[in-house]
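**Q** One structure, pasted below without further comment.
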Amino acid sequence: MIPLSAYVGLSAILFMTGLAGVLIRRNFIVVLMSAEIMLNAANINLVAFSHYLHSMAGQMAALFVIAVAAAEAAVGLAIIIVIFRGKMATNVDQINILKW
Amino acid sequence: MMWLLFIYFATVSIVAGVLTVALRNAVYCALALLTLLLHVAGLFVLLNAEFLFAVQIIVYAGAILILYLFVLMLMNLKTEEQHLHKKYAFSLFAGVGILGELLILLLQSPYGGAVGTATPDVILQTGPSHAIGITMFSDYLLLFEVIGIFLLGAVIGAIVLAKTPPKTDPQEPAHSPMP
Numbered sequence: 118m119i120p121l122s123a124y125v126g127l128s129a130i131l132f133m134t135g136l137a138g139v140l141i142r143r144n145f146i147v148v149l150m151s152a153e154i155m156l157n158a159a160n161i162n163l164v165a166f167s168h169y170l171h172s173m174a175g176q177m178a179a180l181f182v183i184a185v186a187a188a189e190a191a192v193g194l195a196i197i198i199v200i201f202r203g204k205m206a207t208n209v210d211q212i213n214i215l216k217w
Numbered sequence: 147m148m149w150l151l152f153i154y155f156a157t158v159s160i161v162a163g164v165l166t167v168a169l170r171n172a173v174y175c176a177l178a179l180l181t182l183l184l185h186v187a188g189l190f191v192l193l194n195a196e197f198l199f200a201v202q203i204i205v206y207a208g209a210i211l212i213l214y215l216f217v218l219m220l221m222n223l224k225t226e227e228q229h230l231h232k233k234y235a236f237s238l239f240a241g242v243g244i245l246g247e248l249l250i251l252l253l254q255s256p257y258g259g260a261v262g263t264a265t266p267d268v269i270l271q272t273g274p275s276h277a278i279g280i281t282m283f284s285d286y287l288l289l290f291e292v293i294g295i296f297l298l299g300a301v302i303g304a305i306v307l308a309k310t311p312p313k314t315d316p317q318e319p320a321h322s323p324m325p
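Chain order of the listed sequences is A and B.
In case it helps, our numbering puts the first sequence at residues 118 to 217.
In case it helps, our numbering puts the second sequence at residues 147 to 325.
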């Protein structure tokens with residue numbers, strides 16, 4: 118029987134991988150992919166707790182997280198296309214017109 | 147057997163996650179992300195969540211990842227020399243520090259908790275997908291409707307954002323008075 122802590126530890130490692138990706142990468146699309154890694158880590162956590170505590174609530178929350186991830190990908194990629202059309206750049210350190 | 151499968155899925159998903167962050171070419175990053183998503187789906191099967199397994203493969207690997215690949219290939223990006231920030235070592239150090247702290251805290255935690263009503267026997271009487279459908283359309287009906295409207299708004303927003311702007315004629319003045 119696999120303990121719950123194994124799943125939670127795996128989820129923590131994946132989450133920190135995604136967070137490091139958001140912090141260190143320059144390409145905006147890869148930053149969004151790292152955000153997907155973080156959402157997946159949260160999903161593993163939710164489903165593991167749902168399994169070990171005998172409750173359906175975790176699986177429902179994971180489903181909603183997947184729906185939000187789909188919406189985030191659609192809107193984020195549309196924003197990237199708009200920026201790319203105007204500036205021909207996808208690096209996050211070149212997209213700084215909101216910064217003073 | 148369960149341990150073997152868990153170690154396989156966990157190892158491959160961690161390696162694929164690190165590759166997603168570290169690879170230079172963005173298309174390779176997307177393929178590493180695909181590997182990660184498929185192996186996380188395998189972990190869902192180990193946790194008796196067959197419906198989420200199917201949703202993960204259909205929605206994540208089938209729809210979201212294809213969207214990423216479409217945009218990547220539409221932009222036709224060149225592989226860059228410098229794919230990380232200049233001061234990435236600081237962020238990496240902070241990330242590893244937070245990870246170590248999280249793992250230490252996790253190893254000390256007792257993980258007690260109240261056990262709910264959906265025991266494996268109850269789920270096996272109806273089947274996992276049936277049980278999740280009953281829960282979704284009884285206790286979570288309002289949230290289900292809200293997420294539907296949310297997705298509709300996201301789709302409309304994406305279309306409005308990515309629409310090509312209307313061509314303006316250079317001879318004509320920009321603010322022509324209405325006839």
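Note that the Cβ used here is the ideal one computed from N, Cα and C, for glycine as well.
(1) Would you kindly work out how many angstroms separate the C-alpha atoms of ILE119(A) and MET148(B), rounded to a whole number?
(2) So what's ASN222(B) in DSSP terms, helix, strand or just coil?
(3) What ranges does the alpha helix (DSSP H) occupy inside the region 237 to 317 of chain B, keeping only unbroken runs of at least 4 residues that lie completely in it?
(4) Let me confirm a value: ALA186(A) is counted as buried when at least 16 other C-beta atoms fall within 10 Å, else exposed. Which label applies?
(5) Which whole-angstrom value describes the C-beta separation of LEU249(B) and ALA158(A), a residue pair presumed to lie in contact below a C-beta threshold of 8 Å?
(6) Within 10 angstroms of its Cβ, does LEU253(B) collect 16 or more other Cβ (buried), or is it exposed?
(7) Chain D partners of MET282(B), CB-CB under 7 Å?
(8) Can you confirm whether ILE204(B), when its beta carbon is compared against all beta carbons of chain A, has any partner nearer than 7 Å?
(9) Determine, using beta carbons only, whether ALA159(A) comes closer than 7 Å to chain B.
(10) At a CB distance below 7 Å, what residues from the region 282 to 309 of chain B approach chain A? Give them in sequence order.
(11) In angstroms with no decimal places, state the Cα-to-Cα distance between LYS233(B) and GLU153(A).
(12) Run through DSSP, which three-state label would LEU184(B) get?
(13) Identify which residue in LEU127(A), ASN213(A), ILE214(A), LEU215(A) has its Cα closest to the Cα of ALA165(A).
(14) Considering only DSSP beta bridges, list what ASN208(A) is partnered with.
(15) Could you tell me whether the Cβ of ASN213(A) comes closer than 7 Å to any Cβ of chain B?
(16) Taking only the alpha-carbon atoms, compute the straight-line gap between LEU215(B) and LEU287(B) and give it to the nearest angstrom.
(17) Can you list, in chain order, the residues of its chain whose CB lies under 6 Å from that of ILE94(B), leaving out five sequence neighbours each side?
(18) Which residues in the same chain as LEU192(B) place their Cβ atom closer than 8 Å to its Cβ, once the five residues preceding and following it in sequence are excluded?
(19) Cutting at 7 Å between CB atoms, please list the residues of its own chain near ARG202(A), excluding the five before and the five after it.
**A** Taking the structure as given:
(1) Cα-Cα distance, rounded: 7 Å.
(2) The answer is coil: DSSP assigns ASN222(B) none of H, G, I, E or B.
(3) Runs found: 266 to 272, 274 to 282, 287 to 308.
(4) With 16 or more other CB atoms across the displayed protein chains lying within 10 angstroms of its CB, ALA186(A) is buried.
(5) In fact, because the Cβ distance is near 13 Å, the residues do not count as touching under 8 Å.
(6) By the Cβ-count criterion, LEU253(B) is exposed, with fewer than 16 other Cβ atoms from all chains shown falling within 10 Å of its own Cβ.
(7) Among the protein chains in the structure shown, which are A and B, there is no chain D.
(8) Not an interface residue.
(9) Output row for ALA159(A): interface = no.
(10) Residues of the region 282 to 309 of chain B that bring their beta carbon within less than 7 Å of a beta carbon in chain A comprise MET282, TYR286, LEU289, ILE293, PHE296, LEU297, ALA300, VAL301, GLY303, ALA304, LEU307, ALA308, in sequence order.
(11) Their Cα atoms are separated by approximately 23 Å.
(12) Assignment of LEU184(B) by DSSP, reduced to helix, strand and coil, places it in the helix class.
(13) Put simply, of LEU127(A), ASN213(A), ILE214(A), LEU215(A) the residue whose alpha carbon is nearest the alpha carbon of ALA165(A) is LEU127(A).
(14) Paired residue(s): ASN144(A).
(15) Cβ-Cβ to chain B under 7 Å: no for ASN213(A).
(16) So the alpha carbons of these two residues sit roughly 33 Å apart.
(17) An answer regarding residue 94(B) cannot be provided, because it is not within the stretch 147 to 325 covered by chain B.
(18) Counting only residues of its own chain and dropping the five nearest sequence neighbours on each side, LEU192(B) has a CB closer than 8 Å to the CB of MET148, LEU151, PHE152, PHE155.
(19) Excluding its 5 nearest sequence neighbours in each direction, ARG202(A) has no C-beta neighbour in its own chain below 7 Å.
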